[in-house]
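S.K.: Let me give you the structure first, and then I'll get to my questions.
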Amino acid sequence: MHRFNSAFSRRRFLQSGGALVASAALPGVLFANTGGPNRLVVVILRGALDGLAAVPPYADPNYAELHRELAIGAPGTAEGALALDATFGLHPSFGFLHDRYLAGELVVFHAVASPYRDRSHFDGQNVLENGLTKPIGTADGWLNRALAALPRATGRSGERAIAISQNVPLILRGDMPVISKSPQTTPDVDEDLLARLADLYSKDDWLSARLSEAVQTEKLADGGTSAGAAMASGAMPAQPVKPVAADRVSGAARMAATLMRSEGGPEVAVIEATGWDTHANQGGAKGALAQRLAGLDQALHALADGLGPLWPQTAVLVVTEFGRTAAMNGTRGTDHGTGGCAFLVGGAVRGGRVIADWPGLTRSALLDNRDLRPTLDLRSVFKAVLDEHMRVDAKTLASRIFPDSRGTRPLPGLMRA
């Protein structure tokens, strides 16, 4: 249902762990035990994806003015968005995702966020993964708690979940027994660590300046991969942003698919991708962010190809800790924001839809006069997938997996019957 008002202020599209790390020339591989015949993959984009670039609201009259050279044009224009409907499109780097949308296998969520509102990478990722309203209060993650609640298939034994991650991510930590092994190689830059340091030092001018100097001196930025993280303190000058190698994320996706397809292979996977903190030189239809999005699109394509006959029973959640500012900043990038986008794709998904209670991008509609205002809690999506796809009962979802979310109901009808 589409509904407009004269000021375009609202538009509605409400349609209705255990782990084992294996070595590889990728982040570590972690396993856990779960149950159920369906497959679930969670892709965490660390650093905060710009949802207004990934899913441009091209018909919002304030979008181009705020996002300026970072804005993506309307479908049909040069380097314009891939059309979803009369308001939203996909970034032109998302060719595979657009194909899945047209095939009815992609749901796009916009103006979505976790309950977190304070714009720290470290705390935002904790809330995204612990399933609570605050960054502290539990040492385990919502997916680990869900693993313990999933029914075990008759005769099923062995590892039933996997994460491709440099360390055990919080989302998979918990009572499930964990066995780990260090990977053979690590990424060139630990962007998550730098982001956490930047958040830690942001209130101390001297410390934040020293962090900026250290990054520059050691050349960890090497074209700027970590520039965005260090710029959280406002201390680092603009630098080019180094794209995340597409083959790294695609390789992780292929590894996950291969293991999930193996005899008795895991049925749940978590994949991490860093490098989404685009404070400087973000780019629009082309540039650093476009290359990252292309790498993500290729990885999702590789995952689907690798899963092959399992794809019809697979759901893939793509999420990030928060969105980015509606307006371009002074270094041709975007800063930490609030509302953003998320994706649910897979053969088991009842897709071909955009779900957004769109608040608009007028100055009065923005959160704190700077961010897209979130109108959908990510936990509504998580609950729906766990309920409809993985068959976790509603009582367990409310009491054990998301214990402080009684007012957050699952979105109905996201999965095929």
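For reference, each letter of the sequence shown is one residue, going 632 to 1048 in our numbering.
Here a beta-carbon is modelled for each residue, glycine too, at the ideal position from N, C-alpha and C.
Computed from a predicted structure; not experimentally measured.
1) Tell me whether the stretch 986 to 994 and the stretch 686 to 706 touch, counting them as touching only if at least three CB pairs, one residue from each stretch, are closer than 8 Å.
2) Just reading off the beta strand (DSSP E) that residue 1015 is part of, what are its end residues?
3) Okay, do the stretch 770 to 785 and the stretch 1015 to 1025 touch, 3+ Cβ pairs below 8 Å being the bar?
4) Measure the Cβ-Cβ separation of residue 988 and residue 969 and say whether it is below 8 Å.
5) So, using beta-carbon positions, are residue 705 and residue 711 closer together than 8 Å?
6) By DSSP, does residue 703 sit in helix, in strand, or in coil?
7) Does the beta-carbon distance from residue 688 to residue 1008 come in below 8 Å?
8) Applying the criterion that 16 or more other CB atoms from any shown protein chain within 10 Å of the CB defines a buried residue, is residue 724 buried or exposed?
9) If you check the beta carbons only, do residue 980 and residue 1047 fall under 8 Å apart?
10) Cα separation between residue 915 and residue 684?
11) Quick one: what's got a C-beta closer than 6 Å to residue 741's C-beta in the same chain, skipping five residues either side?
12) How would you label residue 879, buried or exposed, when you count the other beta carbons within 10 angstroms and need 16 or more for buried?
13) Under 8 Å by Cβ, that's how I've got residue 678 and residue 906 pegged, so tell me the actual separation to the nearest angstrom.
14) Rounding to the nearest angstrom, what Cα-Cα distance links residue 1045 and residue 669 in this structure?
15) Here's the rule: buried if 16 or more other CB atoms are within 10 angstroms of the residue's CB, otherwise exposed. What is residue 692?
16) Nearest-angstrom Cα distance between residue 765 and residue 774?
17) Relative to the C-alpha of residue 1004, which residue among 682, 675 and 671 is closest?
18) By DSSP, does residue 740 sit in helix, in strand, or in coil?
19) Which whole-angstrom value describes the C-beta separation of residue 776 and residue 976, a residue pair presumed to lie in contact below a C-beta threshold of 8 Å?
20) Could you check which residue in 922, 753 and 904 has the C-alpha nearest to that of residue 797?
21) Start and end of the beta strand (DSSP E) containing residue 984?
22) Which residue marks the beginning of the alpha helix (DSSP H) containing residue 1049, and which one marks its end?
23) Once DSSP output is grouped into helix, strand and coil, what is the label at residue 1035?
24) Leaving out five residues on either side along the sequence, give the residues of the same chain with a beta carbon under 7 Å from the beta carbon of residue 961.
M.R.: In short, the structure shows the following:
1) The stretch 986 to 994, when compared against the stretch 686 to 706, does touch it at the 8 Å Cβ threshold.
2) Boundaries for residue 1015: no beta strand (DSSP E) harbours it, while the alpha helix (DSSP H) harbouring it runs 1009 to 1019, taken from the DSSP string.
3) Taking a cut-off of 8 Å for Cβ pairs, the stretch 770 to 785 and the stretch 1015 to 1025 touch, as three or more such pairs fall below it.
4) Cβ atoms of residue 988 and residue 969: not closer than 8 Å.
5) For the pair residue 705 and residue 711, the CB atoms are nearer than the 8 Å cut-off.
6) Here DSSP, grouped into helix, strand and coil, assigns residue 703 to coil.
7) Going by C-beta atoms, residue 688 is not nearer than 8 Å to residue 1008.
8) Buried, by the Cβ-count rule.
9) Yes, they are a contact pair.
10) The straight-line gap from Cα to Cα measures roughly 7 Å.
11) Result list for residue 741: 686, 972 and 987, in chain order.
12) Classification for residue 879: buried.
13) About 6 Å separates the beta carbons of residue 678 and residue 906, which is inside the 8 Å limit, making them a contact pair.
14) Distance between the alpha carbons of residue 1045 and residue 669 is about 14 Å.
15) Burial state of residue 692 is exposed, judged by a 10 Å Cβ sphere holding fewer than 16 other Cβ atoms.
16) Taken atom to atom, the span from the alpha-carbon of residue 765 to that of residue 774 is near 17 Å.
17) If you compare the alpha carbons of 682, 675 and 671 with that of residue 1004, the shortest gap goes to 682.
18) In the structure shown, residue 740 falls within a strand segment according to DSSP collapsed to helix, strand and coil.
19) Contact flag wrong, Cβ pair sits at about 24 Å.
20) Of the candidates 922, 753 and 904, the one whose C-alpha sits nearest the C-alpha of residue 797 is 904.
21) In the DSSP assignment, residue 984 falls within the unbroken beta strand (DSSP E) covering 984 to 986.
22) Nothing about residue 1049 can be read from this structure; the chain reaches only from 632 to 1048.
23) In the three-state reduction of the DSSP assignment, residue 1035 falls in the coil class.
24) Contacts found: none.
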